[in-house]
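Written out below as C-alpha coordinates is the structure these notes cover.
Numbering (the working numbering), first residue to last: 1 to 176.
This is the structure in C-alpha coordinates:
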(Lines of atoms letter the chains of each structure in order from A and count residues from 1; the text may use other names and numbers.)
(Lines give C-alpha, C1' and ligand atoms only; values in the text may rest on other atoms or scores of the structure.)
Protein backbone atom coordinates (compact mmCIF):
# COMPACT_ATOMS: atom_id res chain seq x y z
CA UNK A 1 0.00 0.00 0.00
CA UNK A 2 1.42 3.42 -0.97
CA UNK A 3 2.21 5.77 1.95
CA UNK A 4 -0.02 8.55 0.55
CA UNK A 5 -2.97 6.13 0.28
CA UNK A 6 -2.34 4.87 3.81
CA UNK A 7 -2.28 8.45 5.12
CA UNK A 8 -5.54 9.28 3.29
CA UNK A 9 -7.19 6.09 4.58
CA UNK A 10 -6.02 6.81 8.12
CA UNK A 11 -7.26 10.40 7.89
CA UNK A 12 -10.66 9.22 6.66
CA UNK A 13 -10.89 6.62 9.42
CA UNK A 14 -10.00 9.19 12.08
CA UNK A 15 -12.64 11.62 10.81
CA UNK A 16 -15.29 8.92 10.76
CA UNK A 17 -14.26 7.76 14.23
CA UNK A 18 -14.38 11.33 15.54
CA UNK A 19 -17.82 11.83 14.02
CA UNK A 20 -19.03 8.59 15.55
CA UNK A 21 -17.59 9.60 18.93
CA UNK A 22 -19.35 12.96 18.71
CA UNK A 23 -22.60 11.10 18.16
CA UNK A 24 -22.36 9.22 21.48
CA UNK A 25 -23.50 12.11 23.64
CA UNK A 26 -27.26 12.31 24.21
CA UNK A 27 -28.89 15.60 23.25
CA UNK A 28 -28.76 18.13 26.12
CA UNK A 29 -31.97 18.38 28.07
CA UNK A 30 -33.29 14.98 26.99
CA UNK A 31 -32.73 13.45 30.39
CA UNK A 32 -31.09 10.51 28.63
CA UNK A 33 -28.51 8.91 30.92
CA UNK A 34 -24.95 8.97 29.71
CA UNK A 35 -24.49 5.25 30.35
CA UNK A 36 -21.21 3.36 30.53
CA UNK A 37 -18.62 4.74 28.14
CA UNK A 38 -20.82 7.68 27.14
CA UNK A 39 -20.04 11.23 28.11
CA UNK A 40 -22.57 13.13 30.16
CA UNK A 41 -23.58 16.54 28.84
CA UNK A 42 -21.17 19.18 30.06
CA UNK A 43 -22.34 22.01 32.26
CA UNK A 44 -22.67 25.22 30.27
CA UNK A 45 -19.56 27.38 30.42
CA UNK A 46 -19.41 31.13 30.20
CA UNK A 47 -19.38 31.97 26.52
CA UNK A 48 -16.58 34.22 25.25
CA UNK A 49 -17.56 37.32 23.34
CA UNK A 50 -18.54 36.20 19.85
CA UNK A 51 -18.75 38.05 16.57
CA UNK A 52 -22.19 39.00 15.31
CA UNK A 53 -24.17 35.93 14.28
CA UNK A 54 -26.67 35.37 11.53
CA UNK A 55 -30.31 35.75 12.61
CA UNK A 56 -31.53 32.63 14.39
CA UNK A 57 -28.01 31.40 15.11
CA UNK A 58 -27.41 30.28 18.69
CA UNK A 59 -24.07 29.57 20.32
CA UNK A 60 -23.80 25.83 21.02
CA UNK A 61 -20.13 24.79 20.69
CA UNK A 62 -20.77 21.10 21.41
CA UNK A 63 -23.48 20.83 18.73
CA UNK A 64 -21.41 22.89 16.30
CA UNK A 65 -18.44 20.53 16.66
CA UNK A 66 -20.58 17.38 16.38
CA UNK A 67 -22.35 18.73 13.29
CA UNK A 68 -19.04 19.74 11.72
CA UNK A 69 -17.52 16.29 12.31
CA UNK A 70 -20.56 14.53 10.84
CA UNK A 71 -20.50 16.85 7.81
CA UNK A 72 -16.79 16.23 7.23
CA UNK A 73 -17.17 12.45 7.47
CA UNK A 74 -20.05 12.61 4.97
CA UNK A 75 -17.96 14.71 2.57
CA UNK A 76 -15.28 12.02 2.67
CA UNK A 77 -17.87 9.61 1.24
CA UNK A 78 -18.44 12.05 -1.63
CA UNK A 79 -14.67 12.37 -2.13
CA UNK A 80 -14.50 8.58 -2.58
CA UNK A 81 -17.45 8.77 -5.00
CA UNK A 82 -19.38 6.49 -2.65
CA UNK A 83 -22.67 8.12 -3.59
CA UNK A 84 -24.88 5.32 -2.25
CA UNK A 85 -23.27 5.28 1.19
CA UNK A 86 -23.53 9.07 1.37
CA UNK A 87 -27.26 8.86 0.62
CA UNK A 88 -27.68 6.04 3.19
CA UNK A 89 -25.83 8.12 5.81
CA UNK A 90 -28.04 11.19 5.21
CA UNK A 91 -30.97 12.23 7.36
CA UNK A 92 -34.43 10.73 6.98
CA UNK A 93 -35.74 14.06 5.66
CA UNK A 94 -32.95 14.18 3.05
CA UNK A 95 -33.72 10.63 1.89
CA UNK A 96 -37.45 11.41 1.69
CA UNK A 97 -36.83 14.63 -0.23
CA UNK A 98 -34.14 13.31 -2.59
CA UNK A 99 -34.99 9.86 -3.97
CA UNK A 100 -32.01 7.52 -4.36
CA UNK A 101 -32.32 7.44 -8.16
CA UNK A 102 -32.27 11.24 -8.40
CA UNK A 103 -29.30 11.39 -6.05
CA UNK A 104 -27.33 8.77 -8.00
CA UNK A 105 -28.01 10.65 -11.26
CA UNK A 106 -27.42 14.15 -9.90
CA UNK A 107 -24.50 14.09 -7.47
CA UNK A 108 -21.89 12.86 -9.99
CA UNK A 109 -22.84 15.79 -12.25
CA UNK A 110 -22.23 18.17 -9.34
CA UNK A 111 -18.95 16.68 -8.11
CA UNK A 112 -17.12 15.21 -11.11
CA UNK A 113 -16.36 18.57 -12.82
CA UNK A 114 -14.35 19.55 -9.72
CA UNK A 115 -11.98 16.58 -9.97
CA UNK A 116 -10.28 15.02 -6.98
CA UNK A 117 -10.31 16.72 -3.60
CA UNK A 118 -6.92 18.19 -2.72
CA UNK A 119 -7.55 20.11 0.51
CA UNK A 120 -10.54 21.08 2.66
CA UNK A 121 -10.75 23.69 5.40
CA UNK A 122 -13.88 23.75 7.59
CA UNK A 123 -15.42 27.00 8.71
CA UNK A 124 -17.20 27.59 12.00
CA UNK A 125 -20.42 25.64 12.45
CA UNK A 126 -23.59 27.71 12.82
CA UNK A 127 -26.18 26.18 15.15
CA UNK A 128 -29.89 26.95 14.68
CA UNK A 129 -33.15 25.58 16.05
CA UNK A 130 -35.14 26.40 12.90
CA UNK A 131 -34.56 26.33 9.15
CA UNK A 132 -37.01 27.47 6.47
CA UNK A 133 -39.17 24.61 5.26
CA UNK A 134 -37.89 22.18 7.91
CA UNK A 135 -39.36 21.08 11.23
CA UNK A 136 -37.89 22.68 14.35
CA UNK A 137 -34.82 20.81 15.58
CA UNK A 138 -31.08 21.05 16.06
CA UNK A 139 -29.25 22.12 12.88
CA UNK A 140 -25.62 22.93 12.18
CA UNK A 141 -24.50 24.43 8.88
CA UNK A 142 -20.81 24.44 7.97
CA UNK A 143 -19.08 26.02 4.98
CA UNK A 144 -15.99 24.17 3.83
CA UNK A 145 -13.46 25.91 1.59
CA UNK A 146 -12.35 23.06 -0.64
CA UNK A 147 -9.58 22.88 -3.21
CA UNK A 148 -10.10 20.35 -6.00
CA UNK A 149 -7.57 19.53 -8.70
CA UNK A 150 -9.81 21.03 -11.44
CA UNK A 151 -11.27 23.86 -9.35
CA UNK A 152 -9.09 25.50 -6.71
CA UNK A 153 -11.83 27.26 -4.76
CA UNK A 154 -15.19 25.65 -4.05
CA UNK A 155 -17.41 26.45 -1.09
CA UNK A 156 -19.24 23.32 0.04
CA UNK A 157 -22.13 24.06 2.38
CA UNK A 158 -23.31 21.12 4.45
CA UNK A 159 -26.25 21.26 6.86
CA UNK A 160 -26.62 18.55 9.47
CA UNK A 161 -29.51 17.76 11.78
CA UNK A 162 -29.57 15.88 15.06
CA UNK A 163 -32.07 13.10 14.51
CA UNK A 164 -34.23 11.50 17.24
CA UNK A 165 -31.57 8.83 17.87
CA UNK A 166 -29.11 11.62 18.81
CA UNK A 167 -26.92 11.18 15.72
CA UNK A 168 -26.01 14.07 13.45
CA UNK A 169 -26.77 13.43 9.78
CA UNK A 170 -26.59 15.52 6.63
CA UNK A 171 -29.83 17.13 5.53
CA UNK A 172 -28.49 19.51 2.87
CA UNK A 173 -25.52 19.97 0.55
CA UNK A 174 -24.47 22.55 -2.02
CA UNK A 175 -21.19 23.22 -3.81
CA UNK A 176 -20.40 26.55 -5.46
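C-beta: ideal position from N, C-alpha, C; glycine also.
- Its chain contains 91, 137, 139, 171 as the residues whose beta carbon lies nearer than 6 angstroms to that of residue 161, once the 5 sequence neighbours on both sides are disregarded; these appear in chain order.
- In the three-state reduction of the DSSP assignment, residue 160 falls in the strand class.
- Contact between the region 96-105 and the region 114-130 is absent: fewer than 3 CB-CB pairs across the two stretches fall below 8 angstroms.
- Taking a C-beta distance under 7 angstroms as the contact criterion, residue 73 and residue 158 do not qualify as a contact pair.
- The Cβ neighbour count for residue 111, taken over all protein chains shown within 10 Å, is at least 16; the residue is labelled buried.
- In the same chain as residue 125, and ignoring 5 residues on each side of it, the C-beta atoms closer than 6 angstroms to its own belong to 64, 67, 68, 140, 142, in chain order.
- Between residue 86 and residue 77, the C-beta spacing is below 7 angstroms.
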